[in-house]
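So the sequences go chain by chain: A and B.
Residue numbering for the first sequence follows the working numbering, starting at 357 and increasing by one per position.
Residue numbering for the second sequence follows the working numbering, starting at 149 and increasing by one per position.
All C-beta atoms in this analysis are idealised placements derived from N, C-alpha and C, irrespective of residue type, glycine included.
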Amino acid sequence: MNEHYEAAYVARSNEWLNDLAQSRAALGDACRYVILVIGSTEYGGNIAGCLDTVEARGAFIPEPTEVEQTQIMRGTYQGVTVGVWHHAITRQAFGASYTNMALDSLRGSSVEVVIAIGEMSSLQEHLRVGHLALPTAAIRGDDMHRYVAPPEEPAIANLRVSAALLAEARANGVRVQPGLVWGCGAGAGIYDPLLEDTALAYCRQGVLGNCMEVATTYLVSRQLGLACSSLWLVADSIYEPLTWTRPVMRQPWSPGWKTLVHTALNTCVRLDRQETDRAR
Amino acid sequence: MSFEQRFREARAARYQEWLAAMRAWLLGTAENFTRLSRGMILVHSSRGQPQRFLTPLLSDVQTFGDFPAQGGGAAVGLYRGTPIWIIHQPMGCTASQLFMECLTDSPVRYLIGLAEMTGYPEHVHMGDLIVPTAAVRGDIVTDFHASPEVPAVADLGLTAALEVELCRSGHPLHVGPIFSGLPGGSGIHNPILKALIWSQIQSGMLGGGIEVSTTLLEAARLGIRAAAAWTVSDDIFRGGMADGSVGRANWASAWDLMARASLEVLHQAATGALP
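Given below as structure tokens:
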């Protein structure tokens, strides 16, 4: 490899990573927990309303942009400092590329735990619209697939964070289905006509459904040393007619979204108390 | 009814519902699908709303949904009497495939993708124009619809016409293969991709453009003739656009040129004047 190229490549990598580090300035250095919203900022205000206090807000892109809403927040919830990070820099954007970028920006930060929340499509009749699922592992099929990690590396949730999420849900009477999911990057997802046989096979194998960005979320988090798990709201299902009121990409802010956010926040508190107890 | 039959019927029904919902999101209203013209421009961009360079060149412009703000919506207008639709996606191969899927059974027959990319070799500078003739398939999304041996190739007629139009400006222009499908996250600056990018430079790749292979392959599947014009927003040897000597002005100039050339080529396609 040419030395000139190597030097240039390293310089560009460092510039990029420095830019990302600056983008998280609003989180400060006191944030151990981040809720990664797999979505853009439509619900930023609602999520802020779930926090006890909002101490800082910031934008991922530090330049004027059409995205008026806050992309990064730092606040407190029951005495614990929590960051909220929207993965998308563009309204109504989705996909593993954005997730990779958002997580990369946490590289070298004070953040130790990431709880991702998002929307999914269900492949199972018992997992209905409005239900919650916790992907314990993901079949890698998104557009980041080839570059995030070698193909033999599994995308697995952090056990401690998953257990805390499940315990917190149970404590609050929230039903959560844990299991294997598909991180499918096809445009039409599980409804793609050319993927019907695959979807059918996965349905038979008990795969819960498609959480598009989850494989990249788990793989990149692990590489960065972040303990990560996630919670997903079923937005649509192969067994229920779609009732989307488009043109909007996501489900409207609903009791389901509120439950997602509160369960994630309460899990941060639970994990923090576990740490405190352990320290004692 | 067997489990399998029931699953397949449900999937087919959901697909039609999904298609209707996505078309409504993509085009601002579901009814616009029946109004689509033969020529379409697809802008891939996360920032800067570069689709705004197109509408001033059109007459009788109508916008739908949130256009030009990113995230749904479309515009249509007349270019020298030819109706041309503009749609814009945020970023990534999945979104690109979703948008193309929405064009299934549509009247669209000619499509030009516009976006910005990372330049690879040292002679490719920020603000230069690139017309990809083909794209190395680096994403898995294209594998869902086309087996790996199928190349992602731009339409020859549209590509030749784009080259002619862009050459007129005297702006630096490169025509050739690119690499496609790299992660939008860290993109080519991902430290683990250093050796891969080096090998691609040795193979003559002009740069990395995320959505090109998906767009070209999906277009081929749908019977749409497609090509692309991209501008270089950052490059390995000099850095990002905002920090470089070329800067924002050159970015705007490149987008203006791509907008003019793509509209002219689609007009030629509509009037049977393609090379």
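Residues bridged to residue 327 of chain B [DSSP beta-bridge criterion]: B:284, B:356
Determine which residues share a DSSP beta bridge with residue 413 of chain A and list them. BP columns for residue 413 of chain A point to A:429.
State the Cα-Cα distance for the pair residue 368 of chain A and residue 152 of chain B, rounded to the nearest angstrom. 51 Å
In whole angstroms, what is the alpha-carbon distance linking residue 454 of chain A and residue 386 of chain B? 24 Å
When the Cα atoms are used, what is the spatial distance from residue 365 of chain B to residue 261 of chain B? 12 Å
What does DSSP give as the partner residue(s) for residue 496 of chain A in the beta ladder? A:539
Using the beta-carbon of each residue, which ones in chain B are nearer than 7 Å to residue 582 of chain A? Within 7 Å Cβ-Cβ: nothing; residue 582 of chain A doesn't reach chain B, min ~15 Å.
Please name the residue or residues paired with residue 230 of chain B in a DSSP beta bridge. B:227
Report back the beta-carbon spacing between residue 143 of chain B and residue 300 of chain B to the nearest angstrom; my notes put them in contact at under 8 Å. For chain B, the structure presents residues 149 to 423; residue 143 of chain B sits outside this window and is missing.
Can you tell me whether residue 200 of chain B sits near the ligand FAD, meaning its C-beta is under 6 Å from at least one heavy atom of the ligand? Annotation note on the ligand FAD: not contained in the displayed structure, which lists no ligands.
Helix, strand or coil for residue 258 of chain B? Go by DSSP, reduced to three states. strand
Between A:526, A:486, A:474, which lies nearest to residue 396 of chain A when the distance is taken from Cα to Cα? A:474
Which same chain residues end up closer than 7 Å to residue 424 of chain B when comparing Cβ atoms and leaving out the 5 residues on each side of it in sequence? Given a span of 149 to 423 for chain B in the structure shown, any question on residue 424 of chain B remains unanswerable.
Residue 440 of chain A to residue 461 of chain A span [Cα, whole Å]: Going by the C-alpha atoms only, they are around 13 Å apart.
CA nearest to the CA of residue 616 of chain A, picked from A:452, A:631, A:394, A:387: Nearest of A:452, A:631, A:394, A:387 to residue 616 of chain A, Cα basis: A:394.
Return the Cβ separation of residue 303 of chain B and residue 374 of chain B in integer angstroms, given the expectation that the two are a contact with Cβ distance under 8 Å. 6 Å
Which residues in the same chain as residue 415 of chain B place their Cβ atom closer than 6 Å to its Cβ, once the five residues preceding and following it in sequence are excluded? Contacts found: 227, 228, 230.
From residue 149 of chain B to residue 492 of chain A, what distance separates their C-alpha atoms? 32 Å
In whole angstroms, give me the CA-to-CA distance for residue 251 of chain B and residue 635 of chain A. 58 Å
Give me the DSSP bridge partner(s) of residue 263 of chain B. Looking at the DSSP assignment, residue 263 of chain B forms a beta bridge with B:378.
What is the C-beta distance between residue 566 of chain A and residue 537 of chain A, in whole angstroms, given that I count them as a contact (C-beta under 8 Å)? About 7 Å; that satisfies the 8 Å criterion.
How about residue 259 of chain B and residue 190 of chain B: do their beta carbons lie closer than 7 Å? yes
Any Cβ of chain C within less than 7 Å of the Cβ of residue 357 of chain B? The chain inventory of the structure shown lacks chain C, comprising the protein chains A and B.
What are the boundary residues of the beta strand (DSSP E) that includes residue 389 of chain A? 389 to 393 is the extent of the beta strand (DSSP E) around residue 389 of chain A.
Along the beta strand (DSSP E) that carries residue 403 of chain A, what are the first and last residues, could you check? Segment 400 to 406 is the alpha helix (DSSP H) holding residue 403 of chain A; no beta strand (DSSP E) there.
Per-residue burial, residue 391 of chain A [other beta carbons within 10 Å of its own, 16 or more giving buried]: buried
With residue 224 of chain B and residue 310 of chain B assumed to form a contact (beta carbons below 8 Å), what rounded beta-carbon distance in angstroms separates them? Taking 8 Å as the upper bound for CB-CB distance, residue 224 of chain B and residue 310 of chain B are not in contact here, some 21 Å apart.
Flag this pair as touching only if the stretch 474 to 484 of chain A and the stretch 586 to 599 of chain A have three or more C-beta atom pairs under 8 Å; answer yes or no. Result yes; three or more Cβ-Cβ pairs closer than 8 Å.
Which runs of the beta strand (DSSP E), 3 residues or longer, sit entirely within the stretch 172 to 221 of chain B? Listed in chain order, they are 187 to 192, 207 to 212.
Please classify residue 551 of chain A: is it buried, with 16 or more other beta-carbons within 10 angstroms of its beta-carbon, or exposed? buried
In angstroms, rounded to a whole number, what distance separates the CA positions of residue 270 of chain B and residue 290 of chain B? 29 Å
Name the residue from B:383, B:205, B:288 whose alpha carbon lies nearest to the alpha carbon of residue 372 of chain A. B:383
Can you find at least 3 beta carbon pairs, one from the stretch 618 to 631 of chain A and one from the stretch 208 to 215 of chain B, that sit closer than 8 Å? no
Same chain, Cβ closer than 6 Å to residue 433 of chain A, five either side skipped, listed in chain order: 407, 408, 621
Within 8 Å, do at least three Cβ pairs link the stretch 572 to 586 of chain A to the stretch 511 to 531 of chain A? The answer is yes - the stretch 572 to 586 of chain A touches the stretch 511 to 531 of chain A, with three or more Cβ pairs under 8 Å.
What number of angstroms, rounded off, separates the C-alpha of residue 276 of chain B from the C-alpha of residue 267 of chain B? The straight-line gap from Cα to Cα measures roughly 9 Å.
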